[in-house]
Amino acid sequence: MDVVCGNCSTKIKIPDEKIKKIPPGQTFGIACPKCKNKISVENKPAAAPEKPAAKPASTPPPKPEKSEPPPKADKSPPPPEPPAGEESGGGGDGGDEGFSGNPFEFLEEGTKTALICEGDAGARAKIKAALTELKYHSSESSTHRDALRQMRFHDFDLIILNERFGTRDPDMNHVLKHLEQLPMVTRRNMFIALLSERFRTMDNMMAFNKSVNIVINVKDINDIEKILSRGINENDAFFRVYKELLKKLKG
Numbered sequence: 438m439d440v441v442c443g444n445c446s447t448k449i450k451i452p453d454e455k456i457k458k459i460p461p462g463q464t465f466g467i468a469c470p471k472c473k474n475k476i477s478v479e480n481k482p483a484a485a486p487e488k489p490a491a492k493p494a495s496t497p498p499p500k501p502e503k504s505e506p507p508p509k510a511d512k513s514p515p516p517p518e519p520p521a522g523e524e525s526g527g528g529g530d531g532g533d534e535g536f537s538g539n540p541f542e543f544l545e546e547g548t549k550t551a552l553i554c555e556g557d558a559g560a561r562a563k564i565k566a567a568l569t570e571l572k573y574h575s576s577e578s579s580t581h582r583d584a585l586r587q588m589r590f591h592d593f594d595l596i597i598l599n600e601r602f603g604t605r606d607p608d609m610n611h612v613l614k615h616l617e618q619l620p621m622v623t624r625r626n627m628f629i630a631l632l633s634e635r636f637r638t639m640d641n642m643m644a645f646n647k648s649v650n651i652v653i654n655v656k657d658i659n660d661i662e663k664i665l666s667r668g669i670n671e672n673d674a675f676f677r678v679y680k681e682l683l684k685k686l687k688g
């Protein structure tokens with residue numbers, strides 16, 4: 438299915454296998470990969486196939502008076518079977534190799550989503566448990582490339598990023614560099630928490646310096662639910678008037 442973004446006129450192709458997962462007549466939302474505009478798409482039910490027209494009856498051909506027996510076909514060996522592991526049509530590479538689907542594309546509108554960028558399994562489990570208590574649907578990234586790919590297809594409400602995720606130099610974090618370049622209209626709707634070994638929790642000066650909403654020291658990982666809840670509530674209160682005014686202007 439092809440969809441055109443109403444904001445930037447970008448043409449987006451949605452794989453047919455994704456459409457088949459949606460019940461007919463149901464509407465789902467996707468994000469434009471170029472301008473991040475949210476697009477609502479309806480899976481229209483397929484029209485019933487038309488019955489083929491009945492073939493006109495044909496009269497049998499007249500029988501020939503005499504017919505010679507057909508010549509015997511030469512017996513030839515069957516064509517060799519392809520080697521094991523190969524299929525006719527060539528190519529063992531799948532068309533979707535390396536494709537990472539969007540795990541949130543079929544969620545209802547208004548559902549809060551979060552992305553976890555943390556290499557330590559123990560810390561990642563504590564973060565995921567905290568996000569569940571805060572009513573977030575979370576996704577985990579194994580590498581910085583996977584994180585960037587997920588952010589390309591979905592605008593997350595919350596991103597929890599360790600400053601050393603995917604890098605040895607915390608000042609050269611690829612994910613953080615990408616977030617710094619986001620358009621302001623997209624960045625305002627996103628809450629970014631930076632996990633750090635260098636800075637203290639709730640250090641507002643360093644949060645401003647790193648272009649994030651909050652800094653959390655890794656030693657306070659056990660209290661991350663309370664810290665996130667406080668930071669998100671303060672951020673929502675700060676931008677409430679701005680968002681309400683922006684909503685009225687858009688109509």
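All letters in the sequence shown, in the order written, are residues 438 to 688 by my numbering.
Note that beta-carbon positions come from the ideal geometry of N, C-alpha and C, so glycine has one too.
inquiry  = In the DSSP output, what is His574 paired with across the bridge?
reply    = Thr550
query = Between Cys554 and His574, is the Cβ-Cβ spacing less than 9 angstroms?
reply = no
ask   = Expressed to the nearest angstrom, what Euclidean distance is found between the alpha-carbon atoms of Pro584 and Val612?
value = In the sequence as presented, Pro is not what sits at residue 584; that position holds Ala. Their Cα atoms are separated by approximately 7 angstroms.
Nearest-angstrom beta carbon gap, Arg561 and Glu546 [assumed within contact, 8 angstroms] = Contact flag wrong, Cβ pair sits at about 28 angstroms.
request  = Find the nearest neighbour of Cys469 within the set Val478, Asn672, Thr447, judged by alpha-carbon distance.
outcome  = Thr447
request  = Name the one or two DSSP bridge partners that Asn599 has.
outcome  = Leu632
key: Glu555 - DSSP class collapsed to helix/strand/coil   = coil
request  = State buried or exposed for Gly528, treating a residue as buried only when at least 16 other CB atoms are found within 10 Å of its CB.
outcome  = Bear in mind that the predicted position of Gly528 carries a pLDDT of just 38, short of 50, making it unreliable; the figure below should be weighed with that in mind. So Gly528 ends up on the exposed side.
request  = Within the same chain, show all residues whose beta-carbon is closer than 6 angstroms to that of Glu662, passing over the 5 residues directly before and after it, in chain order.
outcome  = Ala567, Glu570
query = Under 9 angstroms between the Cβ atoms of Arg624 and Leu616?
reply = yes
query = How long is the line joining the alpha carbons of Lys471 and Leu595, rounded to whole angstroms?
reply = Separation of Lys471 and Leu595 (C-alpha to C-alpha, rounded to the nearest whole angstrom) is 20 angstroms.
query = Is DSSP giving Phe593 helix, strand or coil here?
reply = Phe593 sits in coil when the DSSP states are folded into three classes, being neither helix nor strand.
Beta-carbon separation (whole angstroms), Asp657 vs Ile664, contact threshold 8 angstroms = With a Cβ gap of about 7 angstroms, Asp657 and Ile664 count as contacting.
request  = Report the residue from Met639, Val649, Met609, Arg601 whose alpha carbon sits nearest the alpha carbon of Leu619.
outcome  = Val649
message = Nearest by alpha-carbon distance to Asn654: which of Ala644, Asn641, Lys684, Phe636 is it?
response = Measuring from the Cα of Asn654, the nearest candidate turns out to be Phe636.
message = My output table needs one value for Ile669: the three-state DSSP class, helix, strand or coil.
response = helix
key: Residues bridged to Asn654 [DSSP beta-bridge criterion]   = Ser633
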